[in-house]
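**Q** As given, the protein sequences belong to chains X and C, one line each in that order.
Going by the working numbering, the first sequence opens with residue 9, and the numbers climb by one from there.
Going by the working numbering, the second sequence opens with residue 1002, and the numbers climb by one from there.
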Amino acid sequence: MAWYRASELEQLKLGEGQAFFGEASLAITKALFQSGIAYVTGYQGSPAANLLDTIAQAEDIRKELGIHVIAATSEAAAAATLGASINFPLRGVAIYKATAGTAVAADAINNLASAGVKGGTLIIVGGDYGEKGNTGQERTIALAMKSSLWLMEPRPEVATLVRMTEAAFELSEASNAPVMLEFRLRASHVTGGFIAKNNKKPAFARDLIDNDKSNYDRLVLPPSNYLHEREKIEKRLPAARAFIRERRLNEVFDGDCRDIGIITVGGLYNAVASGLRELGLADVFGQAKIPVYALNVTWPLVPEEIIDFCRSKRAILVVEESHPAYLEQALESLLRKAQISTDIVGKDVLPNAGQYTEAVVLKGIAKFIEGSVPKGVDLDDVIGRMKKIGGVASQPVWLKAPLPARDSTFCTGCPERPVISALKLAKREIGPVHISSDIGCHSFSVFPPFNMGNTILGYGLGLASSAAVGRAFGKRTIAVMGDGGFWHNGLLTGVAGGSFNDDDTVLLVLDNGYTASTGGQTLPSSGLVAPGKKSKLSIEAAVRALGVTWVRTLNAYSVATIRRTMVEAMKTKARGLKVIIARGECQLQVQQRTHAQTRSAIAGGERTVRTRFGVDDEICTGDHACIRLSGCPSLSVKANPDPLKVDPIAHVNQGCVGCGLCGEIAHAAVLCPSFHRAEIVHHPSSIDRAVAWLNRKLIGLFDRAAAEAM
Amino acid sequence: MALPERPYTIFICTMGGQGGGGVESMASLGGRLITRWIVEAAHTAGFPVQSTLTPGTAQRTGLSYFYVEIYPIKTSELGGRAPVFRLAPRPGDVDLLIAFELVEAGRALAAGYGTPDRTILIGSTHRFYTIAEKAAATDGRFDSNLILAAAPKETKQSILFDMAAIVRVHGGSISAVSLGAATALAEFPIPGGEVERAIRQSGDDVAANLAAYAAGRNAVSTAADPAAETKPEPPQGAAGIEDLVARIEVTFAQSCRSIVREGTRRCFDYQDAAYAVQYLNRLDPLVLKDRSADGALTRETARYLALWMTYEDIVRVADLKTRPERLRRVRTEARVDGGEIVRITEFFKPGLAEWTAILPAAVARLARRWARALGIERRLSVGLHIRSTAPWGFVLLWTIRHLKRFRRRSLGFAEESTAIERWLAAILLAMQKDPGIAFEIAECGRLIKGYGETRERGYANLERIYRAAITPALGGDLGPLQAVAAIQKLRVAALADPDGDKLAKAEADIRAHAIRSA
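Right, dumping it as structure tokens:
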């Protein structure tokens, strides 16, 4: 999906000294092109998918620079690809979502971090703790600490992000360790500018690679791994610290106040600076009274820098989200060993759990200032300002009823919605059933109006996570998986495992042709669903090859058929894994391909047929059973025009794409006859007109008024 | 020169798919366009600016938030210094709050993003209902008045108008409408000309968005105080029931007349004049005894009696589907402006119950017995796609519509009449005991609606309420106060939850209470 306009992508070609202005993801892409990378790989996931898509779109630049792109099938594959930089001085990048991605890739990352690298190796992880993260309480820093690779989370300002991305490669090369560069959701979309450099071709000499022999000490096997451990501690860590110091990757924003200071992870710097401003302790340009030390490199810490910053101060506030407070603990230990008695304040004034929003950071700083009573700070002024700012009332008095939640749901016309509707209908016949959900758009089945799904264990793990349930539950279970999850690992962890163990389970694969929830990236089986894609690996063939014999591939929009097949799968005497593949192309992609065409065809006078559904006002009784089975954004309600009726009636809004689900549901659920489908023929041909004329004449014989209204 | 202490902050609350308007907006994030335009305009004008957003899974639906900070002094005058901007708004520190939908405006206000000394709210009053609001079996819509009343108090200035309506007229996007309104504010730091240029240069559906932008700009000066929608009054016309109007005037209190008139008209339209008379006859005994203050009992009974007597059988559906005004409305909703041909396909899936309901009672009973004996009840419901704009389809519906004359002899009619009489008798009996009970029984008429499974469920629920509360109340086993509370509780539970769990719980509560009192 094109996130950036063509004019924005043009900025990726900027040369030395030219000004760039745009979003961080685009800027980081430019930084990669300026760094002479030889290869790039990754796996889509918010917000990293944005970066991958941008690189994919910039095909001409990539070709010109000779950058090799590998579409990995999972984060594990992407991380393993970085193995190219172990023996060869190639700069490479893997891009994916933290912390789900780092967890999937952990095996490869551990080994990569053990062997060490020659070429600058960067793992860009999008998102981390907090906002919109799937596993919001996880943090990448734990992986960095245990596996000795470095973690950077630069302060979210575009020029800094670019500078740090470029420096990350050098840090990696200087210390022979892979570096993780993390940016959070908002940071990935933050706008700003920087002065560009020329793009660089990958700088490596062919003969260097040809002459490099395989050497055993780079293999993660004994005894080399003991060597790696010593290298990590004795060589790579000191080298990294030296580089970070020399190149001033961490930043000190000095202030007049000598006796206290704040240490913050780079990603939270802006919240700290704005908090200080609101308390009258900094100006709008970040010039603060209280010195701030921003860790653009969150791991490893640089003891000399920390000691320098803390030595003369009575108290330091550490701004680091979540639990355990790794940095706070590390600082305590570091300062005590250096016999510096500075107070470390962190979770005392900031919460252990929960996002450090602007308000939370502001409140924490105010508490810290109040408690530490720094010299030269007008405490009354700070307290007065904080009092004026106040807190947020938890429940405003005017809100007499809770506001309705607006959960995410399937798009209008989505091919997954009918399958979930069919499942809801099938449940009426098969009774309560354990449903193992998965990651993907179909996760929305857990929200109203479906409310179906008992567990979500990870991407592609839907089937594997149901393995022990069936027997305990005393009934077959249903696992739901998307085509994305299927190829990511569901094929092996789920289908091979289920087949191997002779699991008597039902697997429902929603095959929409893309990893749709991350923005519609292509996957191995895309070509069988979406027109014009080369990748044609078949899910059905793969499943059959793994010994599954009960396989049904169905049209995702046939609610009645899917319902019947689900019931059959649950009730059949046939034992073993039963797989239902519901196929229908992602409607978002269909619309992107066809909507503009349809519009221009209509504008250009071409014969075009458009379909939409409607509900008859007089016939709808306002029970909304259709909505409870569909939940389509285009199927809404409106005030009942009938003065006798109280309840609002169903109504199809202008967003309808005519997918047909309304009709299917009306039939499959024996709902009500108020639905109709209207086919609108724009610029009808003479045959169309003749048929319509004849129809009207014939109908007019029975009812002239009705014929005239057609 | 004293520089401003803080940036100008703009918080934009939107839903997925609101960005560009039209179908392509499914893919675009809610406020992407407005955010881009603001940032590009500010940047071109030389102001330091920064935006961020949170799409997450709200790429298509759900919520998406955008946040912009602008420092209102040009970069060239700052001597190389750059402001440090926030990445997220702080409640209480928002200058301009833009909401693309009314409940989203309410959500932002509830979270404290509006402050009376600082915030100007620009919000659309239209509603895009949430699933929970839509899926309720009755009326689950949030009370818009709560937000409309709170907005002026929670902000310095609140500018609320229907932006969706403007988009319907001009095309373009809510992004453009709300940005137009923003630039009309004296406080907005970027000149309107600069914003217009940004829209023009973006290439985003430029003509339509500029029109929407201009309309939004005008709306600020012309926006009237928004009011929540009100229930339409029944039409005053009395075509076909002229003879009965006088009778209604004489018999019914002022507060009931419009509903009774509409009910009478509806029964006439449904069947014939005799049926309209029967409707009034059924209400007569109530009127004499109704001692409720405003005739509420009569009015509500009249409402549900009319709806019940005009239950939608296949004949009624065929009748309504073939009416000229309905056919015209389908064309209007399809937004056709003349030359297009519209073909309509109706979705029918009458089951055994629906088919037999229009047969003569004796035949119908026999048919049902056979079907049950053969075990083919379910299989008899066949999905039909009827092309009502084609001769065969129309004639089929036309034929069914003309079965109206046999309706009185049908099984469905007999069954509905029996149920209606039972309900009316219960109301009348209750009136002798306690008007409160009678009113609650009358309100139970709301349970009977819909077709197929929905109607069956309504009947089953009503039966359960008869058994659990109405019959005991009429038999004197339940005191008036308890009876009113019990019927009300059961009815609300039955309407609130189509799966019947809440009703079952309410029944259990009432049983438990009865045992305790005994």
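We put the beta carbon where it would ideally sit given N, CA and C, even for glycine.
1) Which same chain residues end up closer than 6 Å to Ala723 (chain X) when comparing Cβ atoms and leaving out the 5 residues on each side of it in sequence?
2) Between Leu1149 (chain C) and Val623 (chain X), what straight-line distance do the alpha-carbon atoms span, to the nearest angstrom?
3) Mind listing, in chain order, the continuous alpha helix (DSSP H) runs of no fewer than 4 residues lying wholly within the region 612 to 675 of chain X?
4) So, for Thr1333 (chain C): in the same chain, excluding its five sequence neighbours on each side, which residues have a beta-carbon less than 8 Å away from its beta-carbon?
5) Any beta carbon from chain C within less than 7 Å of Phe177 (chain X)'s own beta carbon?
6) With a cut-off of 7 Å, does the C-beta of Leu1186 (chain C) fall near any C-beta of chain X?
7) So Tyr1280 (chain C) is in the alpha helix (DSSP H); what residue range does that whole segment cover?
8) Using the three-state DSSP reduction, which class does Gly490 (chain X) fall into: helix, strand or coil?
9) Quick one: what's got a C-beta closer than 7 Å to Gly708 (chain X)'s C-beta in the same chain, skipping five residues either side?
10) Pick from X:Cys419, X:Ser155, X:Thr148: whose alpha carbon is nearest that of Asn117 (chain X)?
11) Quick one: list the residues of chain C neighbouring Gly720 (chain X), beta-carbon separation under 7 Å, in chain order.
12) Along the chain, which unbroken stretches of the beta strand (DSSP E) at least 3 residues long are found entirely within the region 476 to 550 of chain X?
13) Taking 8 Å as the threshold, find out whether the region 61 to 79 of chain X comes into contact with the region 489 to 498 of chain X through three or more Cβ pairs.
14) Hey, Thr573 (chain X) and Leu562 (chain X) are a contact pair by Cβ (cut 8 Å); roughly how many whole angstroms apart?
15) Please look up how many angstroms separate the CB atoms of Ser1125 (chain C) and Ala1100 (chain C), rounded, as I've assumed it's under 8 Å.
16) Got a sec? Which residues, its chain only, sit under 8 Å from Gly478 (chain X) by beta carbon, not counting five neighbours each side?
17) Would you identify the three-state DSSP class for Val77 (chain X), choosing helix, strand or coil?
18) In whole angstroms, what separates the C-alpha of Val390 (chain X) from that of Arg319 (chain X)?
19) Tell me which same chain residues have a C-beta within less than 8 Å of the C-beta of Leu387 (chain X), skipping the five on either side of it?
20) So is Pro457 (chain X) in contact with chain C if we call contact Cβ pairs under 7 Å?
21) Distance cutoff 7 Å, beta carbons only. Does Leu1397 (chain C) sit that close to anything in chain X?
22) Please decide whether Ala1509 (chain C) counts as near chain X, where near means a Cβ-Cβ distance under 7 Å.
23) Go ahead and label Gln595 (chain X) buried or exposed: buried means 16 or more other beta carbons lie within 10 angstroms of its beta carbon, across all protein chains shown.
24) Under 7 Å between beta-carbons, which chain X residues line up against Ala1391 (chain C)? List them in chain order, please.
25) Can you check which of these residues, X:Ala549, X:Pro299, X:Gly288, X:Leu245, is closest to Asp264 (chain X) by C-alpha distance?
26) What residues in its chain sit with their C-beta under 6 Å from that of Arg244 (chain X), if we drop five residues either side in the sequence?
27) Pick from X:Leu284, X:Asn304, X:Lys345, X:Glu614: whose alpha carbon is nearest that of Lys297 (chain X)?
28) Which of helix, strand or coil does DSSP assign to Gln65 (chain X)?
29) Could you compute how far the alpha carbon of Glu242 (chain X) sits from the alpha carbon of Ala290 (chain X)?
30) Express the C-alpha separation of Thr1015 (chain C) and Glu1102 (chain C) in angstroms, rounding to a whole number.
31) Does any C-beta atom of chain X lie closer than 7 Å to the C-beta of Ile1013 (chain C)?
32) When the Cα of Leu339 (chain X) is compared with those of X:Asp650, X:Leu407, X:Trp307, which residue comes out closest?
33) Using DSSP with H/G/I as helix, E/B as strand and the rest coil, what is Ala590 (chain X)?
34) Residues of chain C with CB closer than 7 Å to the CB of Pro164 (chain X), please, in chain order.
35) Kindly list the residues whose CB is nearer than 6 Å to the CB of Ser644 (chain X), restricted to its own chain and excluding five residues on each side of it in sequence; keep chain order.
36) Jot down the residue ranges of each uninterrupted alpha helix (DSSP H) in the region 1095 to 1156 of chain C, minimum 4 residues, whole runs only, in chain order.
**A** Straight from the coordinates:
1) Since the first and last residues shown for chain X are 9 and 718, residue 723 (chain X) lies out of range.
2) 30 Å
3) 633 to 638
4) none
5) It does not; no Cβ of chain C falls within 7 Å.
6) Look at Leu1186 (chain C): its C-beta is not under 7 Å from any C-beta on chain X.
7) Counting along the chain, the alpha helix (DSSP H) containing Tyr1280 (chain C) begins and ends at 1274 to 1290.
8) strand
9) Ala715
10) In the sequence as presented, Asn is not what sits at residue 117 (chain X); that position holds Ile. Residue X:Ser155 is the option with its Cα nearest to Ile117 (chain X).
11) Absent from the model: residue 720 (chain X). The displayed extent of chain X is 9 to 718, so no value can be given.
12) 486 to 490, 514 to 519
13) no
14) 6 Å
15) 7 Å
16) His442, Arg484, Thr485, Asp511, Asp512, Thr513
17) strand
18) 25 Å
19) Ile377, Glu378, Val381
20) By this cut-off, Pro457 (chain X) is an interface position.
21) no
22) no
23) buried
24) Asn703
25) X:Pro299
26) Ser183, Asn184, Ala185
27) X:Leu284
28) helix
29) 41 Å
30) 7 Å
31) No, Ile1013 (chain C) lies away from the interface with chain X (no Cβ there is under 7 Å from its Cβ).
32) X:Trp307
33) Ala590 (chain X) carries a strand assignment under DSSP once its states are collapsed to helix, strand and coil.
34) Leu1088
35) His659, Asn661
36) 1103 to 1111, 1132 to 1136, 1145 to 1155
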